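For reference, the structure is listed below as structure tokens.
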Amino acid sequence: MLWQQLANGIAIGSVYALISLGLTMVYGILRILHVAHAGIYAMGAYVGWLSFRLIGEFWVSLLIGMAGAAIAGYLVERFLYTPLLHLPRIAPLIVSIGLFIAMEEAFRIVAGPHTLAYNARVGLGDLSIGSFHLTETQILILLVTLVILIFLWTLLTKTRTGLAMRACAQDAETTSSFGVNVSAIIAVNFLLGSAMAGAAGVLIGVYDNQVWPTMGSIPAYKALAIVVLGGLGNIPGTVLASIVVGLAETFFIGVLAIPFPRDAVAFIAMILVLMFKPYGLLGKA
Amino acid sequence: MISGYLITILITIVIFAILAHSLNIITGHAGQISLGHAAFFGIGAYTSALLYTEAGLPFWLSVPLAALVAGLIGALLGVPCLRVRDDFLAITTMGINFVVEAIFLYIPFFGGAMGIGGINLPKWFGREMTKPEYFFLILIVFILLLLLDRRLGRSWIGLAWASIREDDQAAEAMSVDVVRFKVLAFILGSAIAGLAGGFYAHFLTFIMPQNFGFGQSIVILSMVVFGGIGTRWGPIVGAIILGVLPEVSRPIMEYRTLVYGVLLLGMMRFQPGGLLGSGSMMTTAFRRFVYKPSRLE
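Going down the list, the sequences are from chains A and B.
Going by this note's numbering, the first residue of the first sequence is number 1077, and it counts up by one from there.
Going by this note's numbering, the first residue of the second sequence is number 947, and it counts up by one from there.
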């Protein structure tokens, strides 16, 4: 029972990590609260769903969903955020909220208000050891998250692009004076972050076997809470916070059976941590 | 005699104008963004509704107490958030909105999904107020709030807010107590939202958790952004236009949320000052064709 809850919590936490990482990367470099990131996540799910319906191959639909989300994220950065960077920070935030609710409405109008089934068979099979049971989609989530995290870690620590990304997050102006093309690095941040959100959208679509217009509503604020928990802009902190929230939700609701909305757990955890560690779990003042 | 339909719209517009005005104190005057203003609206509505139906307090007590409770909760939340970083308030208020809606929805004391009914319009001279009388009551309260706002804007509090809005680090260097004034703006804005909630509950006579969700917060924010953040008349113009728009056009009612989203996005992208902000199309046209101020502002 305990191990089962642990596995469920980590699977959910992995999806949160995929969504929140893009958010924290965008905050790290542009200091924008990218609320519309949850719209990009839903976009990835819809693009993935559509390509799955057309092609019928899950892995291809995952890649197309990620690509669709990445392109959408890039366009948002180029045409909405970058032109507003000289304004007070409230301006891009309001644009982001406007975009997010407009996207949700657009999904509802284009694809209909009902849920769409995304019953992709991956061919991995379920895993059962005694009473411990992992479903196929849980294995899928863990696998995809692991691959993406290893890729991101390698990129950030082993390559020149990754070095430039970390430098930009610290101080974009100084980095620019060293001859780094900051605008290209910002674009890379958005492409990568949005692709990860798109992957999360596809994974949740398959996990819940549905894609629906408001699927981004809860992640929109839950991912923000996770990003704050991890220390805004802190990548390892965000991964840790995602897993902590995933586990906390599963344990509070599954084990203790407290009659409380599970989606409020992340937020309450955030408030509690902020009281004692104002810069997040791994944040530095 | 004004028809019942018209008076209903008028009262709704005044309530939303009060809400937009209260958000403008937080966002426009002090430059802090609150994404969960409907939560305080809801706290006010539920407080006055419960005090009226459960404790039997009259309207004249339940509504001021609603403002007090909303202000206190605003203080409780504002102090930890505003002490840390300016971005935290946006995130926390957004979350607060979901939590408050969930509390109203899940805890039986607040009536659950059925909400609270049996709230009435206030009594005076031994009888219940008519709707036009109620309209004038809240209009007078609104005008008083605007006068208070004008008074505050000219006082040192208003100056401190302006300095924080423009550059809070510079304000800090000039020994303005930044956190205190941010919290003050947040408490005042929350309390006035609570007051609007009390008016709303007694007008609708029946409230439900759905009236106070995140969508409602976006509606209030749209009004402020559309009219012009930080201007005195902008939020009122926003509340009137966005309040009347869905009534006069049914297709807009259908795509209301989409309209609000596109409006927020388009307005900030192309007219960040809003309709009445400095440098906006309307203000520039007004200056050019109608009225030329003698001095530069």
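Backbone N, C-alpha and C fix where the C-beta goes; we use that ideal spot for every residue, glycine too.
This one's a predicted model, so the numbers in the text were calculated from it and none came from an experiment.
Fill in: Residue nearest to residue 1116(A) in terms of C-alpha spacing, selected from 1263(A), 1151(A) and 1228(A)
1151(A)
Worksheet entry | Residues of the region 1155–1180 of chain A whose Cβ lies closer than 9 Å to any Cβ of chain B, in chain order | 1155, 1156, 1159, 1160, 1163, 1164, 1165, 1166, 1167, 1168, 1169, 1170, 1171, 1172, 1173, 1174, 1175, 1176, 1177, 1178, 1179 and 1180
Item to complete: Using the Cα positions of residue 1229(B) and residue 1282(A), report the straight-line distance between them to the nearest angstrom.
Response: 51 Å
Item to complete: Report buried or exposed for residue 1086(A), applying the criterion of at least 16 other Cβ atoms within 10 angstroms of its Cβ.
Response: buried
Discussion item. Can you check whether the C-beta of residue 1263(A) is within less than 7 Å of a C-beta belonging to chain B?
Written reply: no
Worksheet item: Unbroken alpha helix (DSSP H) runs of length 4 or more, entirely within the region 1091–1163 of chain A: which are they?
Response: 1113–1131 and 1134–1152
Worksheet item: Between residue 1114(A) and residue 1269(A), which are expected to be in contact by the criterion C-beta below 8 Å, what is the C-beta distance as a whole number of angstroms?
Response: No, residue 1114(A) and residue 1269(A) are not in contact; Cβ-Cβ is about 12 Å, not under 8 Å.
Discussion item. Let me check understanding here. Comparing Cα to Cα, which of 1160(A), 1082(A), 1195(A) and 1145(A) lies closest to residue 1286(A)?
Written reply: 1195(A)
Practice prompt. With residue 1204(A) as the anchor, note down where its beta strand (DSSP E) starts and where it stops.
Written response: 1203–1205
Discussion item. Quick check on the DSSP output: the alpha helix (DSSP H) that includes residue 1210(A) runs from which residue to which?
Written reply: Looking at the DSSP string, residue 1210(A) is not in any alpha helix (DSSP H); the run it does join, the beta strand (DSSP E), is 1208–1210.
Worksheet entry | Pair within 7 Å by beta-carbon distance, residue 955(B) and residue 1145(B) | no
Worksheet item: Got a sec, what are the start and stop residues for the alpha helix (DSSP H) residue 1107(B) sits in?
Response: 1102–1112
Worksheet item: Which of helix, strand or coil does DSSP assign to residue 1165(A)?
Response: coil
Practice prompt. Answer yes or no: do residue 937(B) and residue 1176(A) have a C-beta to C-beta separation smaller than 7 Å?
Written response: Because chain B spans 947 through 1243 in this model, residue 937(B) falls outside it and cannot be assessed.
Discussion item. Can you tell me whether residue 1325(A) is buried or exposed? The criterion is at least 16 other CB atoms within 10 Å of its CB, across all chains shown.
Written reply: buried
Discussion item. So if DSSP puts residue 1069(B) in a beta bridge, which residue, or which two residues, is it bridged to?
Written reply: 1074(B)
Worksheet item: Counting contacts by CB-CB distance shorter than 7 Å, is residue 1304(A) in contact with chain C?
Response: Given the protein chain composition of this structure (A and B), no chain C is represented.
Worksheet item: Do you know offhand how far residue 1201(B)'s Cα is from residue 1182(A)'s?
Response: 10 Å
Practice prompt. Please name the residue in 1087(B), 1133(B), 1231(B) and 1223(B) whose C-alpha comes closest to that of residue 980(B).
Written response: 1133(B)
Worksheet item: Can you tell which of 1117(B), 1041(B) and 969(B) has the C-alpha that lies nearest to the C-alpha of residue 983(B)?
Response: 969(B)
Worksheet item: With DSSP run on the structure shown, which of helix, strand or coil describes residue 1287(A)?
Response: strand
Practice prompt. Go ahead and pull the three-state DSSP assignment for residue 1153(B).
Written response: strand
Worksheet item: Using a C-beta to C-beta distance shorter than 9 Å, which residues of chain A count as neighbours of residue 965(B)?
Response: Under the 9 Å cutoff, chain A gives no residues; its nearest Cβ is about 17 Å from residue 965(B).
Worksheet item: Which residues does DSSP pair with residue 1062(B) in a beta bridge?
Response: 1153(B)
Worksheet item: For the region 1189–1266 of chain A, which segments carrying the beta strand (DSSP E) assignment without a break, of at least 3 residues, lie completely within its bounds, in sequence order?
Response: 1203–1205 and 1208–1210
Worksheet item: Quick one: any contact between the region 1212–1220 of chain A and the region 1197–1204 of chain A, if contact means 3 or more CB pairs under 8 Å?
Response: yes
Fill in: Cβ of residue 1118(A) within 7 Å of any chain B Cβ
no
Worksheet item: Do the region 1310–1320 of chain A and the region 1125–1134 of chain A make contact, defined as three or more Cβ pairs closer than 8 Å?
Response: no
Practice prompt. Compute the beta-carbon to beta-carbon distance between residue 1185(B) and residue 1013(B), rounded to the nearest angstrom, for a pair I have assumed lies under 8 Å.
Written response: So it is not a contact: roughly 19 Å between Cβ atoms.
Worksheet item: Any contact of the region 1138–1149 of chain A with the region 1264–1280 of chain A, i.e. 3+ C-beta pairs under 8 Å?
Response: yes
Practice prompt. Examine chain A for any beta-carbon lying closer than 7 Å to the beta-carbon of residue 1208(B), and answer yes or no.
Written response: yes
Practice prompt. Starting from residue 1355(A), trace the alpha helix (DSSP H) both ways and give me its first and last residue.
Written response: Careful: residue 1355(A) lies outside any alpha helix (DSSP H) and carries neither H nor E.
Practice prompt. Determine whether the Cβ of residue 1036(B) lies closer than 7 Å to any Cβ atom of chain A.
Written response: yes
Worksheet entry | Within chain A, partners of residue 1100(B) - CB distance below 9 Å | The contacting residues do not exist; residue 1100(B) stays about 23 Å from chain A at best.
Worksheet entry | Endpoints, the alpha helix (DSSP H) within which residue 978(B) is located | Segment: none, residue 978(B) is in no alpha helix (DSSP H) and carries neither H nor E.
Item to complete: Give a yes or no on whether the C-beta atoms belonging to residue 1063(B) and residue 1152(B) are separated by under 7 Å.
Response: yes
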